[in-house]
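Novice: This is the structure I want to talk about, given as C-alpha cells.
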Amino acid sequence: MRDFVYNAHPARVIFGSGTLARLPEEVERLGLSRVLVVATPEQEADARRIAGRIGERAAGVFAGARMHTPTDVTARAMEVVTAERIDGLVAVGGGSTTGLAKAIALRTDLPQIVAPTTYAGSEMTPILGETENGRKVTKSDPRILPEVVIYDVDLTLTLPVLMSVTSGMNAIAHAVEALYAREANPIISMMAERAVASLARALPVIHERPDDREARSDALFGAWLCGVCLGSVGMALHHKICHTLGGTYNLPHAETHTAVLPHAIAYNAGAAPEAMQALRRALATDDPAGATFDLAERLGATMALSSFKLPEKAVDEVPDLVLANPYWNPAPLDRAALRTLVADAFAGRRPSAD
Ligand code: NAD
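Numbering (numbering that gives the first Met the number 0) for the sequence shown: 0 to 353.
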C-alpha cells in the first residue's frame, strides 16, 4: 500500500427513515433556544412544518435560499439572524439551502443542523461557493462545516424523478473524481466505490418507483458517502469544467454535472487505471464512461449541453477558461483534447471506449 494522508471532517450523522423526528432532541442537545429554519421558497411549507416541530425553540423561518448562494440573499438572512438573536440554524433542502446556512455560519459561527433533501452532498463539506456581482467565489473554512446532519429518507421521496437522476449523477461525479484525486487514499476510495455502486443500483429503481424507500435509502446513503469524498480530497477536471459552465454561463448545477461526467471519465481513463478498475467493479461494466452516459440517458437526463442554451462559442471559451486557472488532473490538460471534450458534451455524443 502507498503512503497516504486521510483528513476526516467531524460531524454527527443520523441516518434513516423518519429520523427528522429527532430534530427537537438535536436542537436541545446543542443547547439552542432561538433557531432559524432556512429553505428555498419552493420548500417553505416544509420549513414551516419543521419549525412547528421544534416548537418554542424555533425563532423564525427564512425561505429565500437561492442557487449559488447570492450574497444579497445572505445579507437579508443575516438581518433576521441579528434581529431575532438567532443562536442556531436548521437547513432543510438541497445544496442551495445548505449553502445559505453555511454562508450564515461563516459569518457567525452559529451551529448548523442540516437535513438534506437532494443528493448534492454539500452538507459533508467545509466548502462554500458564494456569488457576488455574478462572480462565484469558493471558500473553505471549519466554520462552514455543519455540526449535525440528519439524513431522513422520507424527505427525498418528493424529489422529482428527473432531479433525483441528475442529483444522483452529481453525487457520482464527486466519487469518480475522488477515485483519481491527487490526495486519493484507500478510505475515501472505499467510500467512493461503494457510493457509485449504491447510486447506480438505486437510480433506475427510483426512476420506476420514486417512492421505493429501499432505493431511496440506497441513493441517500451513496450521496452521503459522495459528499464525504467531495469534502475530503481535491476535485479535478470534471468539477473545474462544471464550475466554469455554472459560473460563466449560468447552467443548471446537477444537469451540467450529468452531461459532462461521461466525457471527464473518458478523458481521464488512460491516466487513472486504478480509478477505472474501481468504476468497472462499481458499475459492472468494461466501459465506465459509456456506462455512465447510458445510465443517465436511459433515465431521461438531457445529455447535450446545447439543450441548456449554452452558446456554441463556449466550446472554444471553456478550454481557455479551464487552462487559465486549472485544477490538478490525472491526464495532462491539452487544449485540443479539452475542446473535443466540451464539443462532445455540447452535442450530447456518447463517449467511445478505446
Ligand atoms: P437545489 O438545492 O438548488 O434544489 C433545486 C430545487 O429542488 C429547489 O427548488 C429545491 O427547493 C427543490 N427541492 C430540493 N429537494 C427537494 C425535494 N426532496 N422535494 C421537492 N423539491 C425539492 O439543488 P442541488 O442540486 O441540491 O444544489 C445545487 C447547489 O448546491 C449549487 O448552488 C451548488 O453549487 C451547491 N453545492 C455545493 C456544494 C458544496 O460542497 N459547497 C456541493 C454540492 C452542491
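Cβ atoms here follow ideal geometry from the backbone N, Cα and C, with glycine treated the same way.
#1: Which first and last residues belong to the beta strand (DSSP E) in which ALA172 is found?
#2: To the nearest angstrom, how far is the alpha carbon of THR339 from that of LYS135?
#3: Is the CB-CB distance between PRO350 and PHE307 below 9 Å?
#4: Strictly under 9 Å for the Cβ-Cβ distance: is HIS256 near chain C by that measure?
#5: Identify every run of the alpha helix (DSSP H) within the stretch 55-112, keeping only runs that are complete inside it and at least 4 residues long; order them along the chain.
#6: Where do the N-terminal and C-terminal ends of the alpha helix (DSSP H) with ASP217 fall, by residue?
#7: Following a CB-centred definition, is TYR118 positioned closer than 8 Å to any heavy atom of the ligand NAD?
#8: Shorter than 8 Å, the distance from the beta carbon of ALA253 to the closest heavy atom of the ligand NAD, or not?
#9: Can you confirm whether the stretch 91-102 touches the stretch 2-16 when touching is taken to mean that 3 or more C-beta pairs between the two stretches lie within less than 8 Å?
#10: What are the start and end residues of the alpha helix (DSSP H) that includes TYR266?
#11: Between LEU278 and the rest of its own chain, which residues show a CB-CB distance below 6 Å, the 5 nearest in sequence each way excluded?
#12: Rounded to whole angstroms, how far is the Cβ of VAL79 from the Cβ of LEU22, which I believe are closer than 8 Å?
#13: In three-state terms, what does DSSP make of GLU146?
#14: Using CA atoms only, rank isn't needed, just tell me which of ALA180, SER166 and CYS228 is closest to ALA199.
#15: For PHE3 and ALA274, what's the separation of their Cα atoms in angstroms?
#16: Looking only at DSSP bridge pairs, what is GLU41 linked to?
#17: Grab the span of the beta strand (DSSP E) containing THR243 for me, first residue to last.
#18: Considering only the alpha carbon of each residue, which of HIS242, ALA290 and TYR248 lies closest to ALA265?
#19: With a cut-off of 8 Å on the beta carbons, I'd call LEU229 and MET66 a contact; round off their distance for me.
#20: What number of angstroms, rounded off, separates the C-alpha of TYR326 from the C-alpha of VAL160?
#21: Determine the direct distance from the alpha carbon of GLN111 to that of ASP86, and round the result to whole angstroms.
#22: So what does DSSP say about ARG348, is it helix, strand or coil?
#23: Select from THR18, GLU316, HIS173 and ASP71 the residue whose C-alpha is nearest the C-alpha of GLY133.
#24: Starting from the C-beta of VAL195, find all residues in its chain whose C-beta is less than 6 Å away, skip the five residues before and the five after it, and write them out in chain order.
#25: Leaving aside the five residues before and after GLU25 along the sequence, list all residues of the same chain whose C-beta is less than 6 Å from its C-beta, in chain order.
Specialist: Here's the rundown:
#1: From DSSP, ALA172 is part of no beta strand (DSSP E) but of the alpha helix (DSSP H) over 160-178.
#2: When rounded, the distance between both Cα atoms is 26 Å.
#3: Between PRO350 and PHE307, the C-beta spacing is not below 9 Å.
#4: Structure shown: chain C not included; a single protein chain is present.
#5: 70-82 and 94-107, all fully within the stretch 55-112.
#6: Per DSSP, the continuous alpha helix (DSSP H) segment holding ASP217 begins and ends at 212-231.
#7: True, at least one ligand heavy atom lies under 8 Å from that Cβ.
#8: Indeed, a heavy atom of the ligand NAD lies less than 8 Å from the Cβ.
#9: With the cut-off at 8 Å, the stretch 2-16 and the stretch 91-102 do not touch.
#10: Taken as a continuous stretch (DSSP letters only), the alpha helix (DSSP H) holding TYR266 covers 252-267.
#11: Excluding sequence positions up to five before and after LEU278, its CB lies within less than 6 Å of the CB of PRO287, all in the same chain and listed in chain order.
#12: Rounded, the Cβ-Cβ distance is 20 Å, inconsistent with contact.
#13: Assigned with DSSP and collapsed to three states, GLU146 falls in coil, not helix or strand.
#14: By alpha-carbon distance to ALA199, the top candidate from ALA180, SER166 and CYS228 is SER166.
#15: Between PHE3 and ALA274, the C-alpha separation is close to 16 Å.
#16: Beta-bridge pairing links GLU41 to no other residue.
#17: In the DSSP assignment, THR243 falls outside any beta strand (DSSP E) and lies within the alpha helix (DSSP H) extending over 236-248.
#18: Residue nearest to ALA265 within the set HIS242, ALA290 and TYR248 is ALA290 (criterion: CA-CA distance).
#19: Rounded to the nearest angstrom, the Cβ distance from LEU229 to MET66 is 17 Å, too far for a contact under 8 Å.
#20: Rounded to whole angstroms, TYR326 to VAL160 spans 32 Å at the Cα level.
#21: Taking the straight line joining both Cα atoms gives about 10 Å.
#22: In this structure, ARG348 counts as coil in the three-state DSSP scheme.
#23: From the listed residues THR18, GLU316, HIS173 and ASP71, the smallest Cα separation to GLY133 is found for ASP71.
#24: Taken in chain order, the residues that qualify are ILE171, ALA174 and ALA281.
#25: Within the same chain, GLU25 has close Cβ partners ILE112 and VAL147.
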